[in-house]
Amino acid sequence: MSFHTLIEALAGAVIEAQDSIEMHQISHLRDFFDEDNRPRSVTIRMPSLHPQAEEGDEDLYRAPLLPLVSTNNLRIREVEISFNAHLAELGPEDLEEPAPGTPDAWESPRPAARHVGLDTGRGKGVGNVHVQLRVEGTEPTDGAARLMNHLAQSQGVFKTIKAT
879 MSFHTLIEAL AGAVIEAQDS IEMHQISHLR DFFDEDNRPR SVTIRMPSLH PQAEEGDEDL
939 YRAPLLPLVS TNNLRIREVE ISFNAHLAEL GPEDLEEPAP GTPDAWESPR PAARHVGLDT
999 GRGKGVGNVH VQLRVEGTEP TDGAARLMNH LAQSQGVFKT IKAT
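Under our numbering, the final residue of the sequence shown carries the number 1042; numbering is consecutive throughout.
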């Protein structure tokens, strides 16, 4: 395995990990809406604060769940990867200077790339990889903040129950 391939694989794994976090957050956001995309809400019975309310009157108050709970937005802040490996072959890559007269020949000449082979000891009982991800909480995106604000504004009393 060349060093370049290793770095590409590690970078790809970090990007996939962040994508996985974001997809989990999207699926979690969907939990706050029903199958008709209406916000799920909680109904609370509260003593009525209406000026004409009598003793024992209650209001049914509906509050959408999304603005009431933490959204737990996470992103990868830092990645630390360490591994044991032995250097293997040192040789040229398949990238070489283009032959004169080929379409790429007009570009500036580039030296042949070199690669360093790594022996991570797979299957030999030597070599290991240790990956440590540090995540951090983030503020909701502008769109999520606007949605939660709109939902918070739509909550309120929807029915008064008179005492019997």
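By construction, the Cβ of each residue, glycine as well, lies at the ideal position given by its N, Cα and C atoms.
Within 10 angstroms of the beta-carbon of residue 919 lie 16 or more other beta-carbons, which makes it buried. DSSP places residue 948 outside both helix and strand once states are collapsed to three, so it counts as coil. Taking C-beta atoms under 8 Å as the contact rule, residue 1009 and residue 959 qualify, at a distance of about 5 Å.
Comparing alpha carbon positions, the residue from 887, 1033, 942 and 899 closest to residue 950 is 899.
In the three-state reduction of the DSSP assignment, residue 943 falls in the coil class. Checking the DSSP bridge columns, you'll see residue 1042 has no partner listed. Residue 1030 is not a Cβ neighbour of residue 917, given a cutoff of 8 Å.
The residue among 938, 1019 and 886 with its C-alpha nearest the C-alpha of residue 903 is 1019. Contact between residue 1039 and residue 952 does not hold, since the beta-carbon distance rounds to 42 Å and is not under 8 Å. Annotation: residue 1028 to residue 887 spans about 42 Å, alpha carbon to alpha carbon.
Beta-bridge annotation (DSSP): residue 1008 is paired with 960. Sequence-distant partners of residue 943 (beyond 5 residues in either direction) whose C-beta falls short of 8 Å from its own C-beta, in its chain, are 910, 917, 918, 919 and 920. The residue from 905, 931 and 1017 with its alpha-carbon nearest to that of residue 1037 is 931. Distance between residue 891 and residue 915, taken at the CA atoms: about 33 Å. Take the alpha-carbon of residue 1035 and the one of residue 908: they are about 25 Å apart.
Distance from the CA atom of residue 906 to the CA atom of residue 925, rounded to whole angstroms, is 33 Å.
Distance from the Cα of residue 889 is smallest, within the candidate group 957, 1041 and 961, for 957.
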